[in-house]
Structures are given as structure tokens and as C-alpha cells.
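J.: Sending over a structure as C-alpha cells; questions will come in a sec.
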Amino acid sequence: MGDYIKIVKNGLWANNQALVALLGLCPLLAVTNNIVNAIGLGLATTFVLVASNVTVSIFRNHISKEVRIPIFVLLIASFVTIVELLMQSYFYDLYLILGIFVPLIVTNCAILGRAEAYASKNTWDKSALDGLMMGIGFSLVLILLGGMRELIGSGTLFDQSSLILGSFGDTLSITVFENYQGTLLAILPPGAFIGLGLIVALKNLLDLKAAKTSESIPLDGSIKTIALNNS
Amino acid sequence: MYSKALNTNQIMRQVMYALALGVVAAYSFFGWGVIVQIVLAVVTAIAVESAFLSIRKHPIKPAISDGSAALSAILLAISIPSIAPWWIVVVGVAFAIIFGKQLYGGLGNNPFNPAMLGYAFLLISYPLQMTTWAGEFLGFSQAIDVVFNLSSVDALSGATQLDNVKTQLALGKMVSELDVHSISQAWINLGFLLGGLYLLFRRVITWHIPAAFITGVAVISSVLFLINDQIYIPVQNHLMLGATMLGAFFIATDPVSGSTTPKGRLIYGFLMGVLVVVIRVFGGYPDGVAFAVLLMNITVPLIDYYTQPKVFGK
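Quick note, the sequences are listed as chains A and B, same order. Position one of the first sequence corresponds to residue 1 (the working numbering), numbered consecutively onward. Position one of the second sequence corresponds to residue 232 (the working numbering), numbered consecutively onward.
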């Protein structure tokens, strides 16, 4: 059980692909100009991560070490193609907005990174959970950054939700600031870099604070033993 | 007499005195809005700098009293239209101080000129408010009304001459059909030129950057003018329109973000002058000083690396 908790913790926080590994930044920075785009790309990436992790893990003993990277890329590319075709048929408008960044999921280092570093060495159930958690962790950063940029950039949240949820989505769109003229910089690429920098800084700050409070607890034997048992 | 090195506070104060002429010129054409913007900017700068220093647990008083935050604020306030709403200058100064200066570690560590970073941020984010200038002299109460959104300004606003010329040229007009002169801009530039000469005289700045900057502007604009005098405006207009003189003497010479070697300063200033004209003529925005300064700021480490004076005897 401890293994699974650790996988969850790693994916969401300790080894977050966007904030700690800083992988997959190209799509992360490019499509997060609003929440809906962020959710769309986040879902697509998570699906590909889970699917590729499971397949790589299942075939890990049959793939020869020398050619593993091309094979991983082929597997990932097939799933990306599936996602792309699915999006074309069900979320065509969103597909048009995300554009090149859907096929570019193939080159997302986070996915190849998990296949190589985790799925090729672990059983399929753990790999599936790892893919899911890494995907959710990545998506949460996407959504947070998208929300920040949309809020500052145009004063709305969940605008154009109909792209994912159909006509129901229109009711979700919130105009947070009335008569807001918008801060264009937040929507332009510099806003993505500044926003991501602030989120990474915030995460490091929280980690630092957590480390400080845990240091202030006197390290008597009992706590040490528990920590060892858990890991 | 001037052999004693000036400390930061004295340098900043000299620069502020030198700015006065240009500010008076701007005041005489645009009215009280200019002064209102400067006061707003300085108050914001001191408030934001104090708040951020206390978050960083640094001593507040020495950093505030060196005047660097106030100077950045004044430079930014001079660059924005005098009738811009109050939140423009507040947001711009806050951005300049926080993202341009404090996040890099405070005075002396910022790779970019904070005032120009704030200006570029404002110009990109709020293009409408940043390109609407006062068309006439505004009295004190009128300026307060306009800056704090109490009344509309449509009747008395306009674009700058550079902006106008750019729009007209884009519509296919020829330079000879246009009035490319601007009395107000010329006087303001003259004010900053004289202020800059005062700084040179007091040895607050060296001659390298302003001279190279102005040469750069002059060279590239003459080349363009010689190529086609119906599409490109004459040299003297490039020198006396927009923020040319303010940029040459007050912004490019920032000792923190600028080049520090004599040869480096010549290269730095010249390329900046060239970039100013290139961005003005071929870019999407009416003036290019802010972008030219920021672009050259990032080349400073490279320029300084290759222009270090040889140690004698080596």
C-alpha cells in the first residue's frame, strides 16, 4: 500500500512533471491562455500517459534494451493519434484551438520520461497509477496556470467551456471582473513564463516551510521508525 | 572639484535634477497630468518597494533613501501619457519594482532597466491607454478628473506624432505630404538633451553611451532616408521625436543594466540607437526605445565579456 501512496504523492507533488521535473513545458506554456484549453490538453496528456505507461509496462520484458526508445515513441505516437482522431470527431472546435499541440504530445518529454524511468521497470498496475497521477499533477498545473492567465488576462474563468461540455458549458463561464479591459501580457507568451515561474516559486516556498516545521519537531526515535516503515 | 566619487543617493538626486527641464517642457504642453503621474508613480514605488523589502526581511530605510526606486518611477511616469488613468501608472510601477528589480535581488542585480520593463509591460498590456496623449494643456483640476476617471477625455486627446506618421505612411501617404514635425516633442527632447548635458558636466554619466546612441539613430535613419525619402522620415525628426533624448541620456545610461566597459558602452549605445529606429520604422509599436533598451540589456554580459580592457603588460 505504501508504494501506491508514494506514487500518488510523487505524481501530484514531490516529482510533479511540470513543477519539479520541468518537463513538457512547450505545450504547458503554449496552450494555457485559458482554463478550457488547459483542461483539454491536460485530459489528452493524461490519457496518453496512462495508456503508454500500461502498454510499455506490459511489454517491458519483450522489448530489447537497445531499441527501447524508438519503440516507446512508436507506442506513444499511436496513442496520440487515437487522441487526435477522437478529438477531431468529438471536440472539433477545441481540436482547432489546440492545433499543433495535440500531435506534439508525442514529443512531451514527461511521457517518454515516465515510460523510460518508471513503466519499463514496474508492473502494469503501478505504472497505470503512476501515469494517472503524473497526468493529473501535470493537468493541475496546466489548469492553475490557465486559470491565472485567464483571470488576469481577460477577467473571466471557464470561458468557452462549451468546447468541452457542449451547450451546458455556456452556463459555467464566469465573468469575475465586470468592465475589465484585460491585461494582454498575461495571455501572451511572457505571461506563461512569468506565471509558471511564480507557481514553481510558490511550490518551493511551501516545501521550504514544510521542511522547517518538520525540523522543529524533536527527532525522537518513534517518529524516525514510522518514517522508515512508510518508505 | 568633482574628483570625489558620488554615492548612489547623490547620483540619483543629480539625475532627478537633470530631468527637471524635460519635465517642465512636458508640463508646458500637457499640463498638470505630467506632475500628477510623477507623484502617483513615486508614492507607488516607495510603497511597493517598502512592502517587498519587508517581505524579504531586508532593511527598508537605506533602500528607499537611495532614491533608485523613486527615479525608476519618475522615468516611467515621464514615458506614459499624462492623461492615462491612475491604475496604469500604479500597475506599471508595481510591475517594474517587483518583477524588474526586487525579484532579481534588488538594486544592482537587475539585468533589465526596471522603468523600461514596466513601460513595455504597460504598452503590450494596455495599448489603448498607452498611446492616447493629451492634445492640449490641462489645468490641475482637469488633470485630476481625467487621471481618476471622473470625466471623459475623447475631445482633447490624440496620438503622438510618431504614431500619426506611422499610421499615415501605412495608409500610403508620402512623407512630403505629411507634417512630420512636432513642436511639443522637439521642446521636450531639447529639455532632456540639456538635462543630459548637465549630467555629463557633473560626471554622473560618461559620454560614451549617449554619443553612440545618437550616432546609431542618426546613421541608420540617414541610410533609410537616402534609400527613400518618401517612406522614411528625416534624421532630425528621428532625433527630436519620441523618447530619443530621454533614452540616450537617462535610460540607456542606467549604470546597473548597461554596459560598463568604455568600448562596450560604445557598442551598446550604437546598437541601441540602431534598434530604436528599426523598431520605430518596421515594428508594430510607434516608439522603439523601451524595446531597444530591453533587447540590449540582455546582450550586456556578452558585450562586457568581449570588451574587457587588457591589463597593462599582459
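Ideal placement from N, C-alpha and C gives every residue a C-beta, glycine not left out.
#1: My guess is that Asp518(B) and Gly473(B) are in contact by the Cβ rule of under 8 Å, so how many angstroms apart are they, rounded?
#2: In whole angstroms, give me the CA-to-CA distance for Ile439(B) and Leu497(B).
#3: Would Phe444(B) pass as an interface residue toward chain A - the criterion being a Cβ-Cβ separation below 8 Å?
#4: Assuming Phe79(A) and Gly40(A) are in contact, meaning their beta carbons sit under 8 Å apart, how far apart are those beta carbons, in whole angstroms?
#5: Report the three-state DSSP secondary structure of Ala301(B) (helix, strand or coil).
#6: How long is the line joining the alpha carbons of Ile464(B) and Lys397(B), rounded to whole angstroms?
#7: With a threshold of 8 Å between beta carbons, is Tyr357(B) in contact with chain A?
#8: Could you work out which residue in Lys65(A), Gln160(A), Phe72(A) and Met1(A) is closest to Ala51(A) when comparing CA atoms only?
#9: Excluding the five sequence neighbours on either side, which residues of its own chain have a C-beta within less than 8 Å of the C-beta of Ser231(A), listed in chain order?
#10: In or out: Ile510(B) buried (at least 16 other Cβ within 10 Å) or exposed?
#11: Would you mind telling me which residues of chain B sit closer than 8 Å to Leu249(A), beta carbon to beta carbon, in chain order?
#12: Work out the CA separation of Val106(A) and Ala227(A) for me, nearest whole Å.
#13: Do Phe326(B) and Gly298(B) come within 8 Å of each other at the CB atom, strictly closer than that value?
#14: For Leu430(B), which three-state DSSP category applies?
#15: Helix, strand or coil for Thr175(A)? Go by DSSP, reduced to three states.
#16: Which runs of the alpha helix (DSSP H) at least 4 residues long sit entirely within the segment 117–200 of chain A? Give them in chain order.
#17: So if DSSP puts Leu369(B) in a beta bridge, which residue, or which two residues, is it bridged to?
#18: For Gly478(B), name the three-state secondary structure that DSSP assigns.
#19: Taking all protein chains shown into account, do 16 or more other C-beta atoms lie within 10 angstroms of the C-beta of Ile82(A), making it buried, or fewer, making it exposed?
#20: Find the residues of chain B that neighbour Gln160(A), judging by a C-beta separation of less than 7 Å, and give them in chain order.
#21: Taking the beta carbon of Val454(B) as the centre, do at least 16 other beta carbons fall within 10 Å, making it buried, or is it exposed?
#22: With H, G and I counted as helix, E and B as strand and the rest as coil, what does DSSP make of Gly495(B)?
#23: Per DSSP, what kind of secondary structure is Trp13(A) in: helix, strand or coil?
#24: Give the DSSP-derived three-state secondary structure of Trp438(B) in the structure shown.
#25: Does the contact criterion of 3 or more C-beta pairs under 8 Å hold for the segment 267–281 of chain B versus the segment 300–313 of chain B?
#26: Apply the 10 Å Cβ neighbour rule to Ala315(B) and answer buried if 16 or more other Cβ atoms are within range, or exposed otherwise.
#27: Around the C-beta of His469(B), are 16 or more other C-beta atoms found within 10 angstroms, so that it is buried, or is it exposed?
#28: Can you check whether the CB of Val36(A) is closer than 8 Å to the CB of Asp159(A)?
#29: Quick one: what does DSSP say Gly389(B) is sitting in, helix, strand or coil?
#30: Quick check: what's the CA-CA separation for Gly42(A) versus Gly147(A)?
#31: For a contact meaning CB atoms closer than 9 Å, what does Ile194(A) contact in chain B?
#32: Strictly under 8 Å for the Cβ-Cβ distance: is Leu379(B) near chain A by that measure?
#33: If the cut is a Cβ gap below 8 Å, which residues of chain A does Phe352(B) touch?
#34: Give me the Cα-Cα distance between Val411(B) and Phe513(B), rounded to the nearest whole angstrom.
#35: With distances taken from CA atoms, which of Leu185(A), Ser154(A) and Ala44(A) is nearest Asn179(A)?
#36: Please compile the residues from chain B whose C-beta is within a distance smaller than 9 Å of the C-beta of Leu188(A).
T.: In this structure, then:
#1: Confirmed, Cβ separation roughly 4 Å.
#2: Before going on, a small fix: residue 439(B) reads as His here, not Ile. Going by the C-alpha atoms only, they are around 5 Å apart.
#3: No, Phe444(B) does not count as interfacial toward chain A.
#4: The pair is not a contact, with the Cβ atoms about 16 Å apart (cut-off 8 Å).
#5: The three-state reading of DSSP puts Ala301(B) in helix, counting H, G and I together.
#6: One alpha carbon belongs to Ile464(B), the other to Lys397(B), and they sit about 10 Å apart.
#7: Taking Cβ atoms only, chain A reaches closer than 8 Å to Tyr357(B), which makes this a yes.
#8: Among Lys65(A), Gln160(A), Phe72(A) and Met1(A), the Cα nearest to that of Ala51(A) belongs to Phe72(A).
#9: Its pLDDT being 34, under 50, Ser231(A) is placed unreliably in this model, and the coordinates cannot settle the point.
#10: Here Ile510(B) is buried: its Cβ has 16 or more other Cβ atoms, across all protein chains shown, within 10 Å.
#11: The shown model of chain A, from 1 to 231, leaves out residue 249(A), and the question about it has no answer.
#12: For Ala227(A), the predicted structure reports a pLDDT of 41, less than 50, and the residue's modelled location is therefore unreliable. The matter cannot be settled from this model.
#13: Not a contact, by the Cβ cut-off of 8 Å.
#14: The answer is helix: DSSP assigns Leu430(B) an H, G or I state.
#15: For Thr175(A), the three-state secondary structure derived from DSSP is strand.
#16: Fully enclosed alpha helix (DSSP H) runs of 4 or longer: 124–154, 162–165 and 184–187.
#17: Leu369(B) is bridged to Gly262(B).
#18: Three-state result, Gly478(B): helix.
#19: Under this definition Ile82(A) is an exposed residue.
#20: Within 7 Å of the CB of Gln160(A), no CB atom of chain B is found; the nearest one sits about 21 Å away.
#21: Residue environment analysis places Val454(B) among the exposed positions, since fewer than 16 neighbouring C-beta atoms fall within 10 angstroms of its C-beta.
#22: In this structure, DSSP gives Gly495(B) a helical state, which the three-state scheme calls helix.
#23: Helix.
#24: Coil, per DSSP.
#25: Taking a contact to require three or more Cβ pairs closer than 8 Å, the segment 267–281 of chain B and the segment 300–313 of chain B qualify as touching.
#26: Only buried fits Ala315(B), as 16 or more other CB atoms lie within 10 angstroms of its CB.
#27: Counting of Cβ neighbours within 10 angstroms places His469(B) among the buried residues, the total reaching 16 or more.
#28: Yes, they are a contact pair.
#29: Three-state DSSP puts Gly389(B) in a strand.
#30: So the alpha carbons of these two residues sit roughly 13 Å apart.
#31: Ordered by position in chain B, the residues that pass the 9 Å Cβ test against Ile194(A) are Phe330.
#32: Residue identity check: residue 379(B) is Phe in the sequence provided, not Leu. No, no contact with chain A.
#33: Annotation: Cβ neighbours of Phe352(B) in chain A (cutoff 8 Å, chain order): Leu185.
#34: Each residue's Cα considered, the two are about 17 Å apart.
#35: The candidate whose alpha carbon is nearest that of Asn179(A) is Ser154(A).
#36: Result: Ile355 and Ser356.
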